[in-house]
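Working notes, beginning with the structure itself.
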Amino acid sequence: MVGQRLAGKRCFVTAAAQGIGRAAALAFAAEGAEVIATDRDAAKLAELNAPGLTTAVLDMLDASAIEAAAKQAGVIDVLFNCAGFVHQNTILTATEAEWDFAFDLNVRSMWRMLRAVLPGMIERKRGAIVNMSSACSSIKGAPNRFIYGTTKAAVIGLTKSVATEYVREGIRCNAICPGTVDTPSLGERIAANATQAGGLDAARSAFVARQAMGRLATAEEIAALAVYLASDESGFVTGQAIVIDGGWTL
68 MVGQRLAGKR
78 CFVTAAAQGI
88 GRAAALAFAA
98 EGAEVIATDR
108 DAAKLAELNA
118 PGLTTAVLDM
128 LDASAIEAAA
138 KQAGVIDVLF
148 NCAGFVHQNT
158 ILTATEAEWD
168 FAFDLNVRSM
178 WRMLRAVLPG
188 MIERKRGAIV
198 NMSSACSSIK
208 GAPNRFIYGT
218 TKAAVIGLTK
228 SVATEYVREG
238 IRCNAICPGT
248 VDTPSLGERI
258 AANATQAGGL
268 DAARSAFVAR
278 QAMGRLATAE
288 EIAALAVYLA
298 SDESGFVTGQ
308 AIVIDGGWTL
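The numbering of the sequence shown is our numbering, which starts it at 68 and goes up by one.
Structure follows, in structure tokens:
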């Protein structure tokens, strides 16, 4: 369905080549936005096509590339910080390398992106920022998600800090906290757990079982929330960590 909820807005999306980022980029475009969809995977990014959507290769671990991409984008009305990675580990199995990588991608890259985009938003006295967190964070602990949950808790803190600092500058900042979403990233984790779980079907069933609704979320369902938070409909919403988890945290 084509709408106009984001007409006249320029939206910048990270990790847009697949999963939630891809669904959000397409949803933003369908709602009339001008979308700049970025990802480090040039091949998958090239498959992303929609009216009003342009693509740009961007490595979110490269600070100078982030600054250059934001500068080239010009006016940014909406930033969707979606890039992230899920490690499977506990506090006893996690490595220093995993910790460094997760914080660099899941948290530091958001900070760098915000640092590049916020000055323009402050100058124009408007802007909507949507950060990807997780229900697995300060909201809920999950087995074998030590570093991931820690980084996503940090994203909630980052979100609230930005919201507080700039609430009187016309800028809103919120975080989306999904449960388990059916994405290519989840498929990789299912495959990694298949042997231990007794096969792919058993591994997938284990992820489904923890959702109270008895199913996984679709990327499009998460994207719909991103559209709401990006639009003027949510004009009185800021600093919130919004859970969309099929009842996982009930």
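In this text, a Cβ means the ideal position worked out from N, Cα and C, and glycines have one as well.
Once you ignore the five residues that flank residue i on each side, which residues in its own chain have a CB closer than 8 Å to its CB?
i      : result
Ile289 : Ile87, Ala90, Ala91, Ile243, Pro245, Val248 and Ile311
Arg193 : Asp144, Gly237 and Ile238
Asp302 : For clarity, residue 302 is Gly in the given sequence; the question names Asp instead. Taken in chain order, the residues that qualify are Arg239.
Ala113 : Thr122
Val294 : Arg72, Leu73, Ala91, Ala94, Phe95 and Glu98
Val275 : Thr247, Gly281, Arg282 and Leu283
Gly70  : Ala97, Glu98 and Gly99
What residue range does the alpha helix (DSSP H) around residue i cover?
i      : result
Ala130 : Ala130 to Ala140
Val229 : Phe213 to Tyr233
Glu190 : Ser176 to Arg191
Ile289 : Ala286 to Ala297
Val275 : Leu267 to Ala276
Ala164 : Glu163 to Phe170
Leu93  : Gly86 to Ala97
Could you give the distance in angstroms between the alpha-carbon of residue i and the alpha-carbon of residue j?
i      : j      : result
Val229 : Val304 : 13 Å
Gln307 : Asn241 : 5 Å
Ala286 : Thr250 : 7 Å
Asn260 : Phe170 : 23 Å
Ala297 : Leu125 : 22 Å
Ser252 : Asn173 : 14 Å
Ala220 : Phe168 : 16 Å
Met127 : Gly254 : 22 Å
Ala270 : Lys207 : 21 Å
Leu267 : Arg256 : 10 Å
Glu300 : Ala164 : 41 Å
Gly281 : Ala291 : 20 Å
Lys76  : Ala136 : 17 Å
Ala104 : Arg235 : 28 Å
Leu115 : Ser201 : 25 Å
Thinking just about the alpha-carbon of each residue, which of the options is nearest to the one in residue i?
i      : options                           : result
Leu185 : Trp315, Ala74, Phe79 and Asp299   : Phe79
Asp108 : Gln85, Ala183, Ala140 and Glu255  : Gln85
Gly224 : Asp167, Asn148, Asp171 and Ser204 : Ser204
Gly187 : Ala140, Ala220 and Glu255         : Ala140
Lys138 : Arg182, Ser298, Arg277 and Ala220 : Arg182
Trp178 : Trp166, Met199, Ala161 and Thr162 : Met199
Phe152 : Trp166, Ile158, Leu159 and Thr160 : Trp166
Thr231 : Lys76, Leu292, Val294 and Ile196  : Ile196
Ala130 : Gln278, Ala284, Asp299 and Arg175 : Arg175
Ile158 : Thr81, Lys111, Val222 and Asn211  : Asn211
Ala83  : Ala276, Ile189, Asp106 and Glu163 : Asp106
Thr81  : Phe147, Gln155 and Asn156         : Phe147
Gln155 : Thr218, Ala279, Val142 and Ile189 : Thr218
Met180 : Ser201, Ala150 and Gly70          : Ala150
Tyr233 : Ala258, Gln278, Thr262 and Arg191 : Arg191
Lys227 : Val142, Ile309 and Leu115         : Ile309
Within the continuous beta strand (DSSP E) that includes residue i, where are the two ends?
i      : result
Gly194 : Gly194 to Met199
Phe147 : Val145 to Asn148
Arg77  : Arg77 to Val80
Ala109 : Where Ala109 is concerned, there is no enclosing beta strand (DSSP E), although the alpha helix (DSSP H) it sits in stretches over Ala109 to Leu112.
Ala123 : Leu120 to Val124
By Cβ distance, which residues of its chain are closer than 6 Å to residue i, with the 5 residues on each side in sequence left out?
i      : result
Ala96  : Val102, Ala117, Gly119 and Leu120
Ala74  : Gly99
Ala161 : Phe213 and Ile214
Ile189 : Glu236
Val142 : Arg77
Exposed or buried, which one is residue i when buried takes at least 16 other CB atoms within 10 Å?
i      : result
Gly314 : exposed
Gly216 : buried
Leu317 : exposed
Ala44  : The chain is shown only over 68 to 317; residue 44 falls outside these bounds and no answer can be derived.
Val222 : buried
Thr262 : exposed
Met68  : Caution applies to Met68, whose pLDDT of 48 falls short of 50 and renders its modelled position unreliable; the model cannot decide the point.
Does residue i get closer than 8 Å to chain C when you measure Cβ to Cβ?
i      : result
Cys240 : Although the question refers to chain C, the structure presented lacks it and comprises just one protein chain.
What residues in its chain sit with their C-beta under 7 Å from that of residue i, if we drop five residues either side in the sequence?
i      : result
Ala335 : Absent from the structure is residue 335, since the part of the chain shown begins at 68 and ends at 317.
Glu134 : Ala183
Ala132 : Leu125 and Asp126
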